[in-house]
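Chains as they are written, first to last, in the working numbering: chain B, 4 to 263; chain V, 4 to 263; chain U, 4 to 263; chain S, 4 to 263. First the structure, in the form of structure tokens, and then the observations on it.
Here it is, written out as structure tokens:
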């Protein structure tokens, strides 16, 4: 098998499965601190949380913006966690380059090529979510926009595509995990939370992703999911999440023992 | 948790994962015999094989038809395997009722309601594949066409939906496994082979299905896949398949130990 | 330009635009008579009406079945109109061959190849609706199933495909009109009513179809749309319809004068 | 009927149909001049041409960038045409505000909300193309991002959505023209060229758009289409285009006479 890239401990040939977790949106320092504390105790090393939220409806909460990034950095440092958060504008690149460990490009900006080009000149790893209308081939070419600038530290993230099915928000394309592995050396992570749109599906879809061979999973959690300001329907609570992390480990072991 | 139905040993609350396997098309008695012999030694109890093939192109091989059904029955009896094969016309129901153990309705006939109504009066279990354009809700209502006739022995089979992605033949909707479990007591099986369209993806997608909680998987195998008359690109050979069956067991055990 | 086929006065190179109209379902002789009478006075020569209704939900009205076919025939004879209605089972072919002028295969049976094969041996023209998940290439191969049996009198009917857009029931693929004309000599008709799913869109979509070059349009009308037993939301009333027929003529004239 | 907005002569209740035309990409001053000269003689008042090209493949020609904008402005002034061109980065807004008459946001940036917000503070009209995965409701909310900033001069542009059909690049959603008119007062334009992906379909789809009630159409033309640096397959030559403009007028007249 060809050598697969590792970016920030995600991917490579050692076959660990990274768990990236946190709230959909950074809401306050206190809440973020408590969530990170719980995650850390579950063994999670990657903390996600949105500060700039590209909401479909302009009237909805758009995130804490810079203040959210600063909270995330502070909490990341306190718990020694790698922080991942979404960028939405080229003019924020210096701030992200200073304060963020992995810069996420969301599905809505997957084809924002000017952003991708500028991130190609950036020193921080980039996690590129698949656009809801992106074929795998187009998604990989979007990653090439970053790589051609000189930044090879790209992590791909499958998060569902648009289809006619309406029992979920997006249709998680589980086959893309293996398709990407055949076409690219980049690590591939799966976000079941945004595809599912409701928490009762998240465990099933997360375990499917691990079994499919994903290098990581990104899951939304919240102390009190029903009080989450954004996407309250899809966050797991800490109990559900801690059990899920153990399941992820067990499935991963099967794959490791059996070969990929 | 509510009680889940078991049909012909598939589904129910005991959480086994049925493996249904065999060639895409029945090609001859000799080949079918050899495949069944190998499958049996892998512990497989369900033998699939198409005799009536609803091919997209009218110029392509349409299956051995009745002769194929007879071969399947004979081989099924020889190895004491449950045989599963597709029906394509209401007028064949008596033949299927006599010779077949599980009558499959293919994706192309998922909305052929006259066929479904008549199968509702039939004594044999029916495996209903999801139509390529069927929402989960519509698929379940198609199952209701069978059930309303009095036949409650329906097995659902997810086999991929139509989307814009063209790296696979269909987009396997892995989330449907859990969605169906929340809406129905019927067992749900996943067919990764037809969704994938090529063998290199089948292992990843099969394991994903098991981890997602599928009650069974249906996989195409062939002694010499390259010589298969139909869908040669997607069948596994026996070596790949026997390894896959072991992996399926291991993943399933994790789910059983951890609860569903 | 290559010669284009004409089937029952629809298609060919003379560039008329056939209008096929009628209720979604035959509900009674009296209602059908009144609708046909009105249609005839609008100059409509093709009367549609469903007797066998393949409803998504098995609990909904399934049509008057044979009695509906007989009403349609009687009214068709009274007003000297060509009658078009949908077949759903191979065993009804003799009845349809005797009583129906154009046998419609609905979208849900577009890939019911046994039905198509048997209609290939039938003497009556067949109107083949595009399946909701059918690529144009697959739809044309479905038509080949009929033609290979010896029945060249096939009319294609575009009626919308499944997409993620949910403001309409299906997404009318207007480009398919010209795509089909480049690949086939068969006449192509457009059904805007089922794609739209509500009457306020029907005029816009019908005129688009005519301007795109469709050989015909099929439109649902009802005396009192709100009382229609099936798809009440999408039928036009007679006033809207009569105005639409005049608009169709005017748009068609532009295309005829200017060349196709 | 409610009052509909007019933006730069496009839309409103007077029911004219604006024709926006030009090359996919600005390639040189000489070519742009000759195309504009021909367009002007056809009566076209809106000149389009891409200077910043968001190409799927990073290795392909990315446009003349600022030099292209300057050519477009110069030629627009020479022929007194309104110039329309695409913006791809927030940092270019001052340049576009100075040199461009209608700022186009392409399908790939339909959900680039930071760009939309900043364009909401801009004095120039914005033409917002529908994202390939955007429901009509999401597209209208994207327009609201611009309008909430204070810029009400938004023109919507339907250009096709992603579906499984592969005989065209995108599936032109012709029904969206009327759907948008029912939900919004904003003018709606249709771009058949990008949806079609090949010139033989453009006439049929353009006339469909006009008949459907579009306030304008945007068509790619080139002096020598086969020599076009970008999307050579879909541009019309001047002869095809001049005939099309006449057809557009005739279809539009029918709609005007008959009421919308």
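Every residue, glycine too, gets a C-beta built ideally from N, C-alpha and C.
Suppose the cutoff is 8 Å on Cβ atoms and the five residues either side in sequence are ignored; what does the same chain contact list for residue 75 (chain V) look like?
29, 35, 50, 52, 54, 86, 88, 102, 103
Please return the same chain residues whose Cβ sits closer than 6 Å to the Cβ of residue 78 (chain U), not counting the five positions on each side in sequence.
35, 36, 39
Give the secondary structure of residue 130 (chain U) by DSSP, where H, G and I count as helix, E and B as strand, and everything else as coil.
Here DSSP, grouped into helix, strand and coil, assigns residue 130 (chain U) to strand.
Taking only beta carbons into account, state which residues of the region 162 to 176 of chain U come closer than 8 Å to chain B, listed in chain order.
165, 166, 167, 169
Rounded to whole angstroms, what's the CA-CA distance from residue 177 (chain V) to residue 208 (chain B)? Just pull it up for me.
7 Å
Any chance the CB of residue 116 (chain U) is under 7 Å from a heavy atom of the ligand SAM?
The ligand SAM is absent from the structure shown, which contains no ligands of any kind.
Assign residue 250 (chain S) to one of three DSSP states: helix, strand, or coil.
helix
Nearest to residue 133 (chain B) by alpha carbon, out of B:25, B:242, B:190, B:164?
B:164
Any C-beta of chain U within less than 7 Å: which residues of the region 80 to 103 of chain V qualify?
91, 92, 93, 94
For residue 135 (chain V) and chain U, any beta-carbon pair shorter than 8 Å?
Judged by the 8 Å Cβ criterion, residue 135 (chain V) is in contact with chain U.
Taking the continuous beta strand (DSSP E) assigned at residue 51 (chain V), which residues delimit it?
That run of the beta strand (DSSP E) goes 49 to 51.
Using the C-alpha atoms, what's the distance from residue 113 (chain V) back to residue 142 (chain V)?
7 Å
Would DSSP call residue 4 (chain V) helix, strand or coil?
Per-residue confidence for residue 4 (chain V) stands at a pLDDT of 48, beneath the threshold of 50, marking its modelled position as unreliable; the derived number appears in the next sentence. Coil.
Distance, Cα to Cα, residue 158 (chain B) vs residue 136 (chain B)?
19 Å
Quick check: what's the CA-CA separation for residue 6 (chain V) versus residue 198 (chain B)?
28 Å
Given this structure, state the Cα-to-Cα distance separating residue 186 (chain B) from residue 94 (chain U), to the nearest angstrom.
50 Å
For a cutoff of 8 Å on Cβ pairs, would you count residue 138 (chain U) as touching chain S?
yes
Under 9 Å between beta-carbons, which chain B residues line up against residue 223 (chain V)? List them in chain order, please.
Those within 9 Å of residue 223 (chain V) in chain B number zero; the least Cβ separation is about 16 Å.
Take residue 151 (chain B) as the anchor and find which of S:61, S:254, S:31, S:41 has the nearest alpha-carbon.
S:61
Counting only Cβ pairs nearer than 8 Å, list the residues of chain B close to residue 197 (chain S).
Those do not exist, as residue 197 (chain S) stays about 13 Å from chain B at its closest Cβ, beyond 8 Å.
Taking only the alpha-carbon atoms, compute the straight-line gap between residue 161 (chain B) and residue 195 (chain B) and give it to the nearest angstrom.
Separation of residue 161 (chain B) and residue 195 (chain B) (C-alpha to C-alpha, rounded to the nearest whole angstrom) is 8 Å.
Which residue from B:216, B:99, B:153 puts its Cα closest to that of residue 184 (chain B)?
B:216
Would residue 26 (chain S) pass as an interface residue toward chain A - the criterion being a Cβ-Cβ separation below 8 Å?
Here the protein chains are B, V, U and S, and chain A is not one of them.
CA-CA distance, residue 250 (chain V) and residue 31 (chain V)?
30 Å
In chain order, what residues of the same chain lie with their CB nearer than 8 Å to the CB of residue 252 (chain V), ignoring the 5 residues before and after it?
20
Considering only C-alpha positions, which residue in the set B:219, B:67, B:121 is nearest to residue 9 (chain B)?
B:219
Please list the segments of the beta strand (DSSP E) lying wholly inside the region 156 to 195 of chain S, counting only runs of 3 or more residues, in order along the chain.
157 to 161, 191 to 193, all fully within the region 156 to 195 of chain S.
Just verifying my parser: in three-state terms, what is the DSSP assignment at residue 101 (chain V)?
helix
I think residue 262 (chain B) touches residue 237 (chain B), with their Cβ atoms under 8 Å apart; what is that distance to the nearest whole Å?
Contact doesn't hold; Cβ gap of about 33 Å is too wide.
Does any CB atom of chain B fall closer than 8 Å to the CB of residue 111 (chain S)?
yes
Please state the DSSP three-state secondary structure of residue 25 (chain V).
strand
Under 7 Å between beta-carbons, which chain V residues line up against residue 117 (chain U)? List them in chain order, please.
The contact set of residue 117 (chain U) on chain V, defined by CB atoms closer than 7 Å, consists of 91, 92 in chain order.
For residue 226 (chain V) and residue 47 (chain V), what's the separation of their Cα atoms in angstroms?
15 Å
Helix, strand or coil for residue 88 (chain U), going by three-state DSSP, please let me know.
strand
Just curious, the beta strand (DSSP E) that residue 219 (chain B) is in, first and last residue?
219 to 223
Kindly indicate which three-state DSSP category residue 233 (chain S) falls into: helix, strand or coil?
Collapsing the DSSP output to three states places residue 233 (chain S) in coil.
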